[in-house]
Structure formats: C-alpha cells, structure tokens
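Participant:
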Amino acid sequence: MSTLPFHRRKDVRLAFRYLLALLLVIVFVFPVYWLFIISFKTPDEIFAFPPVWYPESIQFANYKVLFKDGDAATVGNSLILATVSTVFAMILGTIAAYSLVRFKTGGENLAVWIISQRMMPPVAIVFPVFLLYVWLGWVDSYTGLIVLYTAFSLPYVIWMMRGYIEDIPLELEESALVDGCTRWEVLWKVVLPMARSGLFATAVFTFIFAWNDFLFALVLTRTEVTTYTVQVTHYFGGQSNFWAKIAAMSVLGTIPVFITVAIMQRFLVRGISMGAVKG
Amino acid sequence: MSDLKITGLHKHYGAFHAVKGIDLDVPSGEFTVLVGPSGCGKSTLLRCIAGLEETSAGTVEIGGKDVTWARPRDRDIAMVFQNYALYPYLNVKDNIAFGLRARKFGEAEVEKRVARAAEMLGIGHLLQRFPRELSGGQRQRVAIGRAIVRDAILYLFDEPLSNLDAQLRDDMRVEIKRLHKELKRTMVYVTHDQIEAMTLADRIVLLRDGVIEQLGTPLDLFERPRTRFVAGFLGSPKMNFLDATLSASGVILKDGTTLELPGRSGLKPGQAVILGLRPQHIAMAGASIAKGHMRVPVVIELVQPTGSRVQATMPLGGASIIAELGAHDVSRPGEKTSIDIDMTHAIIIDPATETVI
C-alpha cells in the first residue's frame, strides 16, 4: 500500500478537522436557527411535514401579536429589572470589594463567607422571601425583584471585583492620594479605569443572571412585572403549545443579551483572562 | 526654618518594630538622603512622612504644621515612586497633569505648568504617548515630572532609580541633582545605594534597624564615621577591617606587623581593637614615605581592573585587604611589592561596642 506524502497527509488531517468543526457548529447553531425561523413562519409552515427548512416569506405576524397583546412588555420588564439590579450590584459590590481589599474589612475570611452565600440554592429562600414580600407589599413590584436580584448578584460581584482590584498596583493609588485625591476620587479615577475590563465582564454576567432568572420571577410576580421567562411558560398549554409565540418571545428575549455581549465583547475577553492570569 | 520636623517617631507592624524613635530636622531647601540596608526602616519612615502609613507614636511637621494625622493630600507633598506609578490609561500629559487637576487647577494653568515641567525634563515630545510606549528612563522622567509640576513644600523620592540600568541610573542621578539646584526645594530621598546617597545628598541620614546610626554631610560620614557599620556601609570598595591590639603609639596586627598611629594620644596598650583602612588610603610605595604613612611589604593575590583604577586584594595582618591602586600599578597576581598606608585616615574601633574610638 502506498502511503500519502507528508503534505498530503496534512491536508487530509486538516479537512477532517474542518468537517468535525462543521458538525459541531450545526449541532449547536441549528436549534437557534430553528427558533428564529419558526418565529417567522405561518402556523401551517410550523406544523408542516416534511418540515419547512426555510419559509417562503418572512412573516412578522407572530411578533405583531405579542406587541398587540402586550406580551412583549415582559421583555421590557426583564430589561428594567436586569439593568437596574446590575447597576446597583456593580456600584455596591465594587465599593465593598475595594473595602475588602484595601482595608481588610472584616478580616481575611469575610470575602469567603460572602461568596459562600452564592452557593445557597435560590429555592431554599424563595418562599421565606415570598412571605416577607407579602408583608412588605413588594410582591409583583419592581422594587422587590430589583432588591432580590441585587442581593443575589452581590456576592459574585464582590468576589470578582476583589480579584481585579487586588491586581492593581498599590503605588498607583498611593500616588493619587499624595497628588490630592480623596479615597472616593481614587476609586473613581484610578481603580475603576484600571479594573474597567473586569468591571464590564462582571456586569455582563450579572446582567445575564438577572435576565435568565425564572424561579424568583415566577413566585414573586403576578401580572405587573412579569418577566419574559415567566411569560414564555404561559404558551405551554395543557392541550397544545403555541409554538409561534414561544419562538417569537424567545427571540425577543435573546436579542438584548446578544446586543450586550456584542458590545462588551472586547472587554469580556480581556476581563475574563485578566482575572485568570495574574500579571 | 525647617520644612520637615520629625519628633520621636515610632512605627510598629504588629510585633515588628520598624522605626524606633526617629528625630529629624530637614531645613528648607536641603536634599536629605535616607540610606541604609534593606529592612532598616527608611521606606517606612518616608511613608510615614507622606502619610501613607500611620505613625505609632511621635509627630511629623511639614512646613511648620503638625500633619501627624493629616491625610496625604493635606500634607502639601509630592512623591516619586519606585515603580513610577504612572496611570497606564492616561497619556504622558494627563499623567503629569493628574495632580494639578485633582487640586482643581484651571486648564490654562495646567497647560502652562505641564509644558514647563516637560521642558525641564526633556520630555516635551512625548506628551501624547502612553506609558507603555516609553522606555524605563522616560517613564521615570514622567514620574518626576508629575511631582515637580506641583508647588509642594516637600518632595519625596522612594528609590526612584532602582529599576533603571546602571548607565541610565547615572544619567538620572545627574538630572535629579540638577533639578534640585534649579528648584531649590526641600527633598527627601530614599535609597539603599550608597553612591546615590553620597553623590546627591546635602546631608545623609544613615539608618540601621529603625534608628539613625549617623547623620551628617556625605564627607563627614565618609571621613568621620562614628561606628563600624557607618564606616563599612559608605565607600566602594568597602573599608578593610583588621583585628589588632593597641600599643603605646599604634596598633599591632595579628601577624605582628606594627603600624604607627600619628597624632593619637591616650591609647590603652593591650586593648583589642579593629583597625579600619579605606582602600583609597592605600597606595603603591613611592620613592619616599610621606608623613603619617606606613610602608608594608605585600604579595598581590587578586587584581580587578576597573579601567581608571585597579582593586588589588592582598593578605595583611592575618586577613585579606583590598587596596585601590593606580591603573598600571600592579598587573598580575603573585607580584611582590610594597604599599604605603595612610595612617592619618585610619580609624580604630572598639569591638565590644562597635563604635569608633
């Protein structure tokens, strides 16, 4: 049997790798494609057999229904809850992390204790929180969910920001103190710019946590601040599932995260690797 | 008037006593160098002056005002750090302007001052660059620029040249000396490098284990050290120390060599001492013996040429000593020759107290 020359063998190996990569991409991307495509189909096309791989024409009817019925507003609710709670968690968490790093607030172990709060399963506290919120009158309100999401994200933000802040050379801060800055100005003018990548990376993950939440939103909302994750479940019926609405709502729910990650991508990659490798 | 007055300053880190009661007065316009081996407390002392460390006891006065408990920003000081401490996200101009803007100077004034500082340091063409685009020497200039751009009472330098290579260090030393001459400001400079201390200082504060070992002009410390530590710390190559016994008019070395000590009285014969000889005070034997010099035959053991001089190692009095000789005085090890020792500059040390007699 004749063996292939070296450079030919290399070509074959490369081709094999591309094939494998292509297969993996199909496995991962197809469900997303299918979701998108369903959202633009007519009811007939959705249930057609053999399946319609791509629709004859793009239909926006499924989206129009969501906007007309007010269902699309739940995406707005999610957006408000996730954005506001992310902003709060980032502000409070960064300040707390700075305090932990520079002033050793609470000793060496407080940071570990804080992150341990994150290990508690949400379901363990959701019902006590529900009872508390009934008493406070916070059920089905922005306040209730924002406070809860902020509280739940804080340990993560503190833990991440603590790592990024630790990497900032102390001399930079001391130099600013001597130059005439207060501690708050040091935080604003030195620490934040230095930890910018980490800040954005952490914010993206915090945002996604709140965005993806289902359990808290399910238990603590009724009609006023229903989030899109809860809304989607309304389309799974006992008799039939509203695939068109499910798909269209899912697409609406994907877009904000997609845009956020696309904008933050530059910082995201740097931020994630920054925390991992100490320079 | 003194710009800096430190009284009874102590600093504890838990059980570790880093600074043990320092009293120091720095007159206006003086260049004071705090020098000593690592761990002597010199950087801690500087950080206490800057307000970056809280003092455990004692007071710090800057410009006649008690600032012991004042924040760094309220002390009217400027500081240059060892690792430059430049903000990587700001260009050179914004780095230099940082302190001015923090103190709410108007933009016109900021422009003027930055331009002047940049001109003084020869970095005018780098203003738009970022720190990562600069060499080590340029970064250090920017760091110095950031300090001198302000009108502070006191300028602090924390080992600013220790990250630079030898050639650049020499250049920057000249630069700092020139700046001090032009600005006529009070400066306190920390270094572990005795050459930097000798060349820059109006006055040296030599620290050891958290206390001031000796304080004075560079020549004062070099020529009239009060302890063995001071004698050994300053000077390169290091001072030679030989075990000896006092006689009525001089010292007797371990091998019986007798060296006269001119102009000394009240010596206690028989007392064990340490004789200190600077390598610079040993020369090749000339045609005649100068007054106060002692001639001794030696065998050269090692030769280290430095270009302008040669450092020759030779056995003497049961130990090995180094002499700094003329570049062409000796050429190879094993050479038998004679040296003249200038005994007028010799010091004798009490081994029990390590102080100079």
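Order-wise, the sequence lines are chains W and Y.
Position 93 of the first sequence, counting from 1, maps to 93 under this note's numbering, and the rest follow consecutively.
Numbers given in this note's numbering equal positions in the second sequence, counted from 1, plus 1000.
Ideal placement from N, C-alpha and C gives every residue a C-beta, glycine not left out.
Quick caveat: nothing in here was measured; it's all calculated off a predicted structure.
#1: What residues in the region 169-188 of chain W have a beta carbon less than 8 angstroms from any beta carbon of chain Y?
#2: How would you write the range of the beta strand (DSSP E) that Y/GLY1276 sits in, first residue to last?
#3: Give the straight-line distance between the Cα atoms of W/ALA276 and Y/GLU1107, rounded to the nearest whole angstrom.
#4: Report the CB separation of W/PHE200 from W/ALA82 in whole angstroms; it is logged as a contact under 8 angstroms.
#5: Give me the Cβ distance between Y/LEU1127 and Y/ASN1091, rounded to the nearest whole Å; I'm assuming they're in contact under 8 angstroms.
#6: With distances taken between CB atoms, is the gap from Y/GLU1324 to Y/VAL1310 smaller than 9 angstroms?
#7: I think W/PRO55 touches W/LYS41, with their Cβ atoms under 8 angstroms apart; what is that distance to the nearest whole Å?
#8: I need the straight-line Cα distance from W/ALA48 to Y/TYR1089, nearest angstrom please.
#9: Any beta carbon from chain Y within less than 9 angstroms of W/MET194's own beta carbon?
#10: Is any heavy atom of the ligand SAM found at a distance shorter than 8 angstroms from the C-beta of Y/ALA1057?
#11: Please name the residue in Y/ILE1123, Y/VAL1205, Y/TYR1084, Y/MET1187 whose C-alpha comes closest to that of Y/ASP1003.
#12: Where Y/GLY1021 and Y/ARG1047 are concerned, what is the direct C-alpha to C-alpha distance, given to the nearest angstrom?
#13: Return the Cβ separation of Y/LEU1253 and Y/GLY1318 in integer angstroms, given the expectation that the two are a contact with Cβ distance under 8 angstroms.
#14: Buried or exposed for Y/ARG1073, going by 16 or more other Cβ atoms inside 10 Å?
#15: Excluding the 5 residues preceding and the 5 following Y/PHE1162 in the sequence, name in chain order all residues of the same chain whose CB lies nearer than 7 angstroms to its CB.
#16: Quick one: which unbroken beta strand (DSSP E) runs of 3-plus residues sit fully inside the region 1305-1334 of chain Y? Chain order, please.
#17: Is the Cβ-Cβ distance between Y/GLU1119 and Y/ILE1144 less than 9 angstroms?
#18: Which residue's Cα is closest to the Cα of Y/ALA1287: Y/LEU1242, Y/LYS1238, Y/ASP1066, Y/SER1338?
#19: Have a look at the DSSP bridge pairing and note the partners of Y/THR956.
#20: If you follow the alpha helix (DSSP H) that Y/MET1284 is part of, which residue opens it and which one closes it?
#21: So, are the CB atoms of W/GLY198 and W/VAL75 less than 9 angstroms apart?
#22: Scan the region 81-110 of chain W for residues whose Cβ lies nearer than 8 angstroms to a Cβ of chain Y and list them as they occur along the chain.
#23: Please classify W/VAL101 as buried or exposed, where buried requires at least 16 neighbouring CB atoms within 10 angstroms.
#24: Quick check: W/LEU192 and W/THR94, are their CB atoms within less than 9 angstroms of each other?
#25: What does DSSP give as the partner residues of Y/GLU1260 in its beta bridges?
#26: Distance check for W/THR105 and W/TRP135, CA to CA, integer angstroms please.
#27: For Y/ARG1226 and W/THR182, I'd like the C-alpha separation in whole angstroms.
#28: Is it buried or exposed, Y/ARG1332, if we count other Cβ atoms within 10 angstroms and call 16 or more buried?
#29: How would you call Y/HIS1345, buried or exposed, if buried means at least 16 neighbouring beta carbons within 10 angstroms?
#30: List the residues of chain W whose Cβ lies closer than 8 angstroms to the Cβ of Y/ASN1083, in chain order.
#31: Can you give, in chain order, each stretch of the alpha helix (DSSP H) that sits fully within the region 1114-1179 of chain Y and has at least 4 residues?
#32: So Y/PHE970 and Y/ARG1146 are in contact, right, with Cβ under 8 angstroms, and what is the actual spacing, rounded?
#33: How far does the alpha helix (DSSP H) with W/GLY293 in it extend, from its first residue to its last?
#34: Pull out every residue of the region 1084-1101 of chain Y whose Cβ sits closer than 7 angstroms to any Cβ of chain W, in chain order.
#35: Taking the alpha-carbon positions, what's the Y/GLU1111 to Y/ILE1348 distance?
#36: In the DSSP assignment, the beta strand (DSSP E) including Y/MET1343 goes from what residue to what residue?
Facilitator: Once the coordinates are examined:
#1: PRO169, GLU171, LEU172, GLU174, SER175, ALA176, LEU177, VAL178, ASP179, GLY180, CYS181, THR182, GLU185
#2: 1272-1277
#3: Interpretation of W/ALA276 is limited by its pLDDT of 42, a score under 50 that renders its predicted location unreliable; the figure taken from the coordinates is listed afterwards. C-alpha separation (whole angstroms): 40 angstroms.
#4: With a Cβ gap of about 15 angstroms, W/PHE200 and W/ALA82 do not count as contacting.
#5: 7 angstroms
#6: yes
#7: 5 angstroms
#8: 58 angstroms
#9: yes
#10: In the structure shown, the ligand SAM is absent, as is every other ligand, since no ligand is present at all.
#11: Y/MET1187
#12: 15 angstroms
#13: 7 angstroms
#14: buried
#15: At residue 1162 of chain Y the sequence reads Ser, which differs from the Phe that was named. Taken in chain order, the residues that qualify are GLN1082.
#16: 1309-1316, 1319-1326
#17: no
#18: Y/SER1338
#19: The requested residue 956 of chain Y does not occur in the structure, where chain Y is confined to residues 1001 to 1357.
#20: Counting along the chain, Y/MET1284 falls outside any alpha helix (DSSP H), though it belongs to the beta strand (DSSP E) covering 1282-1284.
#21: no
#22: none
#23: buried
#24: yes
#25: Y/GLY1250
#26: 33 angstroms
#27: 44 angstroms
#28: exposed
#29: exposed
#30: PRO169, GLU171
#31: 1136-1148
#32: Examination of residue 970 of chain Y is not possible in this model, given that chain Y is present from 1001 through 1357 alone.
#33: As displayed, chain W neither begins before 1 nor continues past 279, which places residue 293 of chain W out of reach and without an answer.
#34: ALA1085, TYR1087, TYR1089, PHE1098, GLY1099
#35: 58 angstroms
#36: Note, Y/MET1343: premise wrong, no beta strand (DSSP E); not H, not E.
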